[in-house]
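A short worksheet on the structure shown next.
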Amino acid sequence: MIVFDLSCSAGHGFEGWFKDAQAFKSQRKVRKISCPVCADTDIARVPAGSRISHGHAAAVDRAAQASAEARAWRETAQALHAKVAENCENVGPRFAEEARKIHYGEADSRGIYGEATVTEARELVDEGVPVLPLPRLPESDA
Numbered sequence: 187m188i189v190f191d192l193s194c195s196a197g198h199g200f201e202g203w204f205k206d207a208q209a210f211k212s213q214r215k216v217r218k219i220s221c222p223v224c225a226d227t228d229i230a231r232v233p234a235g236s237r238i239s240h241g242h243a244a245a246v247d248r249a250a251q252a253s254a255e256a257r258a259w260r261e262t263a264q265a266l267h268a269k270v271a272e273n274c275e276n277v278g279p280r281f282a283e284e285a286r287k288i289h290y291g292e293a294d295s296r297g298i299y300g301e302a303t304v305t306e307a308r309e310l311v312d313e314g315v316p317v318l319p320l321p322r323l324p325e326s327d328a
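My numbering numbers the first residue of the sequence shown as 187 and each following residue consecutively.
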């Protein structure tokens, strides 16, 4: 297991745990790594501070804690997604267009969700359209 300090193009910093350096490279290449803050998939490694090894037991404890935190995050994200799906309309890739129509009074006011590029999301924010990114759900427990 290897831990990398990562950053998205918006400057949000976070850690990523990978089987090895090659696993990081291959996941990054196909954009399977996303920022937990803004869901950006333009991810880069950043210089990491020194890590002092405290032996195998400490590493196992850290891995167990990280696994528990990941499980808790996944459960919270799944609950959030379920609540949004239950109460809002999925407009898919038309999200930016529909959000603008609602904001400018060209469509009925309602809760929506869907997909938007980082550029589209930034444009919506610049226009004053209220948007909030949903965290991506992990594809598996691995």
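In this text, a Cβ means the ideal position worked out from N, Cα and C, and glycines have one as well.
Just so you know, these numbers come straight off a predicted model, no measurement behind them.
- Straight-line measurement puts the Cα of Glu201 at about 30 Å from the Cα of Phe281.
- Just so you know, the alpha carbons of Lys205 and Lys215 end up roughly 16 Å apart.
- Nearest neighbour of His267 by Cα position, chosen from Leu192, Pro233, Gly291 and Leu320, turns out to be Leu320.
- Between Lys218 and His289, the alpha-carbon positions lie close to 32 Å from each other.
- Per DSSP, reduced to three states, the secondary structure at Val311 is helical.
- When DSSP states are grouped into helix, strand and coil, Arg217 belongs to the coil group.
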